[in-house]
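For what it's worth, my numbering labels the leading residue of the sequence shown as 6, then goes sequentially.
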Amino acid sequence: VELIVVVVIIGILSAIAVPSFQGAGDKAKQKEASTLIAAYLKASQAYFAEYSALPNYSRDIGQYLAVAGCRRNYPAYCQSNPARDYTNLTSRSWTTPSGYFDIYMESIGSNVYFRALPVPVYASTGLGVTSCFNSLTGSTKLVNRTTKGRSVPRINC
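Below is the structure:
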């Protein structure tokens, strides 16, 4: 009887713990994109403070930080190939160095938006990130998505 009780308790604990650990890998990957986008937002603020204009390209934010990305949006390729330097390029999109997210930069009106979309091979389990910087108010906002997939809309600041 005691053995059955122990087995039941272990089963209950396993049922609670396993789902929690299943999403841990996806959240860790999302954290990479979130950290990069937070740095891009700060660089956008610095660019605006210096030039009174919004950044349009990776070279604009590249004045304040190194912008690196993988040449392909495929994680297996990125693990064995060096990252490309986007710091001096006129690019509005690039893939994170790990290859798990496509980063998109858009300047619309008084806002700069950054979105990290899971790459196609990772889209079914990937969690995206969306953010913005409002040059009129100086506010920034970053949201880690809880919905999996490539549908990562722009947000309002």
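Yeah, the Cβ is synthetic: ideal placement off N, Cα and C, and Gly gets one too.
A residue is called buried once 16 or more other Cβ atoms fall within 10 Å of its Cβ, and Pro87, having fewer, is exposed.
A direct Cα-to-Cα measurement between Leu94 and Ala71 gives close to 11 angstroms.
Non-local C-beta neighbours of Ala51 in its own chain, meaning closer than 7 angstroms and more than five positions away in sequence, comprise Tyr69, ordered along the chain. Annotation for Phe119: Ile42, Tyr45, Met110 and Ser136 place their beta carbon closer than 6 angstroms to its own, counting only its chain and skipping 5 residues before and after. Beta bridge pairing from DSSP links Leu94 with no other residue. Excluding residues up to 5 positions away in sequence, Leu132, Gly133, Val134, Thr135 and Val157 lie with their Cβ nearer than 7 angstroms to the Cβ of Arg150 in the same chain. When secondary structure is reduced to three states using DSSP, Arg89 falls in the strand class. Between Ser98 and Tyr62 the beta-carbon gap is near 10 angstroms, outside 8 angstroms, which marks them as no contact. Scanning its chain for C-beta atoms nearer than 8 angstroms, with the 5 sequence neighbours on each side dropped, one finds around Cys162 the residues Asn116, Cys137, Phe138, Asn139, Thr142, Ser144, Thr145 and Lys146, in chain order. As the crow flies, the alpha-carbon of Arg159 is around 48 angstroms from that of Val12. Under DSSP, the beta-bridge partners assigned to Ala121 are Ile108 and Val134. For Gly16, the three-state secondary structure derived from DSSP is helix. The Cβ atoms of Ala121 and Ile113 lie no closer than 8 angstroms to each other.
Taking C-beta separations shorter than 8 angstroms and ignoring five residues to either side along the sequence, the partners of Val148 in its chain run Val134, Thr135, Ser136 and Ile160, following chain order.
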